[in-house]
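Following: one structure in structure tokens, then a few remarks.
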Amino acid sequence: MPSDPTGLLPAEALSAVTSIRSADIVIGIPSYNNARTIGHVVYAAHAGLSKYFPQFTGVIVNSDGGSRDETRDIVLSSRFPDAHVLMVSTPLKPVHRLSFPYHGIPGKGSAFRLIFQMAESLGAKACAVVDSDLRSITPEWIELLVRPVLHNGYDFVAPYYHRHKYDGTITNSIVYPLTRALYGQRVRQPIGGDFGVSRDLVARYLSRQDWETDVARYGIDIWMTTIAVAEGFRVCQSFLGAKLHDAKDPGADLSAMLHQVVGSVFALMQEYSGVWSTRSGSRDVDLFGFRYDVGLDPVEVNLDRMKTAFRNGCDQLHEIWAIALQPGTLAAVLQLGRAVPSQSPFHLEDPLWVRVIFEFACAIQRKPIERIHLLKSLTPLYLARVASFVEETRNMTASEVEQRIEELCLSFEEDKPYLAALWAGKPLPPLSPREPQPAPPGLEVSKS
Amino acid sequence: MIRTLQEVFNRAVENLYFQVTTYLPPLLVALFILLVAYALARSIRWLLLRAFKGLAADRFLEESGLSSLFARAGRLRAAALLAAFVYWTIFVIAALTALNVFDTKLTSQIVEGAVFLFPKLLAAGAILLAGFWLAHYFGHSVLLWACNEELPRPRLLASITRTVIVFVSVVVAADALNFARNVFLAAFIILTGAAALAAGLAFGLGGRRAFEHYLERRSHSAESEKSFFQHL
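Protein sequences appear in the order of chains A and B.
Taking my numbering, the leading residue of the first sequence gets 1, the next gets one more, and so forth.
Taking my numbering, the leading residue of the second sequence gets 1, the next gets one more, and so forth.
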């Protein structure tokens, strides 16, 4: 019997639940003005359900943030020729397509909440969410995100993509190394955006009370991943190939994105301090899917602009940084800032970057009222790290870059006792750089 | 003649005697009270500084941002704040008690005035503290926004924000104290009007071009902006 355990479903959605009654798999697609790409995503989801899960009832739920274009019409009205998809067996159950506007704080998190509420109300065994701006999604993505949950007993399937070396730098420089060092699991794309989730984990997400925070916006991805790894749910990864998607809204604010994602990581650090403080090192997470090399969209970076932003940050924001950073760390950062115009190549060393992140995390725990300022003041430091990474990896291949990220992760793991001491207000060990890393070809690593 | 002089002299001596016998004992008592209060205030401050080190109140000061408002890198401690407050409270009470010893109309008026003023002073102090905290908070907000938006002179913008908020809080505090109410109100209206006019003229004459440049830079840099967001 269909029900609405959360009691929060809009009337339109509740009526759809009553009509469909139950489903095995729910595919969620959050959207906002994605008329150009959502048709392809819905087609891939539809084909994936028909082709790989013909014996299951599938529902595609589009949770829309009030699009002014034809996004919702496309989801509901498009007809897809099943004959074009090579079916192993004839679908026995229908695939329903629904589209609702979500309510509450505008953002991806609020869209996910409605999708999870629908999944729970329909009693779905597995739920997968995929972005609506994807150009590289195929029906196989649905299989790879759903099958580990449905047939292998996993609770959370994280994506694993091939990305350009300059793509996903918040992931590479902060979120992946920090999450891995904290919770001890190597989930390579913790904020990938496309996930598979089990019924138990959906229920756990919906039972939480922090949906109205940064989780409602860009913080949702790391929130989902952290809960899964910190609370002992079974986690795996699926290789999805390349992630090609529309460029993000140029009018959006980088600082807001950064502070919502990083702010969520730091907020969850407080909640799970009892978990991460007892874990050390890290272990691999199971990876499904056949790995292959793919062509990637080039990513352009503006090095000068990033370095100028850092230099300006040193001039303008040092008093805010002083609230968060220890004197030694602040001095090292400012010294680097003074060297910006002359120092070539520009290099922000791993140990210093690790300390910056750890000290910001602890400062935000100590000073919640100044949280938003501290998070926003991180932007120039993040841009400095990205500039340093870009210069350092300019001539590196993808595998060399991956090795470089691995070294950064090890720095985070090795310096975790410093984080634990600072967090607990104990005496701090001194800043001790790791063994010097070999300079990349054609570049000399400067000492600062 | 000599008799007159003698009478004047006697009167002067009597007056002096009267003055000395009337005012010296209270003066000595007042001095004694002040000395005792000073010793007491210092002792209590010393005790408080040691007894309340590492209080939960310290955490409140740090979490609320008040510590970084008064001292760089959060060196302000609740114990120091409390000790200073108690020290000066004892001292002011002692001074009022000492004044009361003289039992004159003037001293009674002073004491009465001080007692009457005390709640207003507290309210004004709270208004000023809130004003300084808001100025600090919004100053940081403007600084960060301007810096991340790559606007020119972020620190100047932040300083202007802070100054305006502090000025408004001073006006409100003066109003609470009923102190030069009209002067402050007039100053506030004149300065606000002048600032609005100056800002309008500056923007219209000089800033328009800079703002056009800024908008142009933003629209032209859409491509490089895109590269920033691709890092996510």
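Every residue gets a Cβ at the ideal spot worked out from N, C-alpha and C, and that includes glycine.
Option in the options with minimal Cα separation from residue i
i	options	result
A:A23	A:S273, A:I222, A:S31, A:R97	A:R97
B:L81	B:A94, B:I93, B:I44	B:I44
A:P139	A:G48, A:D350, A:D221, A:F233	A:G48
A:V26	A:S15, A:G58, A:P10, A:R291	A:G58
B:T163	B:Y23, B:L35, B:T192	B:T192
A:G104	A:S78, A:D214, A:V42	A:D214
A:D131	A:Y52, A:G39, A:D286	A:G39
A:C362	A:K243, A:D221, A:V262	A:V262
A:Y160	A:A324, A:L287, A:F360	A:L287
A:G274	A:P94, A:L410, A:V390, A:Y183	A:Y183
A:P368	A:A324, A:L9, A:Y272	A:A324
A:F310	A:V299, A:R338, A:E319	A:R338
A:L150	A:C127, A:N172, A:L178	A:C127
A:A242	A:R135, A:M306, A:R72, A:L303	A:R135
A:S411	A:W211, A:L352, A:E319, A:K108	A:L352
A:L178	A:V354, A:E400, A:S238	A:V354
B:L40	B:E7, B:L24, B:A84, B:P25	B:A84
A:T171	A:D415, A:E402, A:L419, A:E414	A:E402
A:E143	A:T397, A:V95, A:K51	A:K51
A:H162	A:L9, A:L428, A:K307, A:P298	A:P298
A:E319	B:L106, B:F203, B:A158	B:A158
A:L14	A:V129, A:Y102, A:I174	A:Y102
A:A398	A:I405, A:K165, A:F53, A:V95	A:K165
A:D64	A:S31, A:K93, A:F56, A:I74	A:S31
Residue i at chain B interface by Cβ criterion, 8 Å
i	result
A:H318	no
A:T393	no
A:L428	no
A:S255	yes
A:A11	no
A:T18	no
A:G313	yes
A:S377	yes
A:H162	no
A:L8	no
A:H347	no
A:H373	yes
A:S15	no
Test: residue i CB closer than 8 Å to a CB of chain A
i	result
B:W119	Correcting the residue type first, residue 119 of chain B is Pro in the shown sequence and not Trp. No, B:P119 does not count as interfacial toward chain A.
B:P154	yes
B:N148	yes
B:S169	no
B:L143	yes
B:E212	no
B:V20	no
Rounded distance between the beta-carbons of residue j and residue i, thought under 8 Å
i	j	result
A:F156	A:F195	7 Å
A:D76	A:S99	Looking at the sequence itself, residue 76 of chain A is Leu, so the reference to Asp does not match. With 8 Å as the limit, A:L76 and A:S99 qualify as a contact, their Cβ atoms being about 5 Å apart.
B:L177	B:K120	5 Å
A:L336	A:L348	6 Å
A:E391	A:L303	7 Å
B:T161	B:V183	About 24 Å separates the two Cβ atoms, so there is no contact after all.
Cβ-heavy atom distance, residue i to the ligand ZN, below 7 Å
i	result
B:L191	With respect to the ligand ZN, the structure offers nothing, as it holds no ligand at all.
8 Å Cβ cutoff, residue i in contact with chain D
i	result
A:W141	This model lacks chain D altogether; the protein chains it does include are A and B.
Taking contact to mean 3 or more Cβ pairs, one atom from each stretch, closer than 8 Å, check whether the segment 81-89 of chain B and the segment 8-28 of chain B are in contact.
Touching, no.
Answer yes if the segment 168-178 of chain B comes into contact with the segment 124-141 of chain B, meaning at least three C-beta pairs across the two stretches below 8 Å, and no otherwise.
With the cut-off at 8 Å, the segment 124-141 of chain B and the segment 168-178 of chain B touch.
How about the segment 195-204 of chain A and the segment 372-391 of chain A: do they share at least three Cβ pairs that are nearer than 8 Å?
The segment 372-391 of chain A and the segment 195-204 of chain A do not touch, with fewer than three beta-carbon pairs separated by less than 8 Å.
Please determine if the segment 118-126 of chain A and the segment 220-229 of chain A are in contact, where contact requires at least 3 C-beta pairs separated by less than 8 Å.
no
For the structure I just gave you, are there three or more beta carbon pairs, one from the segment 92-105 of chain B and one from the segment 322-339 of chain A, closer than 8 Å?
The segment 92-105 of chain B, when compared against the segment 322-339 of chain A, does not touch it at the 8 Å Cβ threshold.
Is there contact between the segment 262-273 of chain A and the segment 367-380 of chain A, where contact requires at least three CB pairs shorter than 8 Å?
yes
My parser needs the alpha helix (DSSP H) runs of 4 or more residues fully inside the segment 357-428 of chain A; what are they?
371-376, 378-392, 398-414, 416-424
Which residue spans inside the segment 165-249 of chain A form an unbroken beta strand (DSSP E) run of at least 3?
195-198, 235-242
Along the chain, which unbroken stretches of the alpha helix (DSSP H) at least 4 residues long are found entirely within the segment 137-208 of chain B?
154-177, 181-201
Where are the beta strand (DSSP E) runs, 3 residues long or more, that stay fully inside the segment 251-313 of chain A, in chain order?
none
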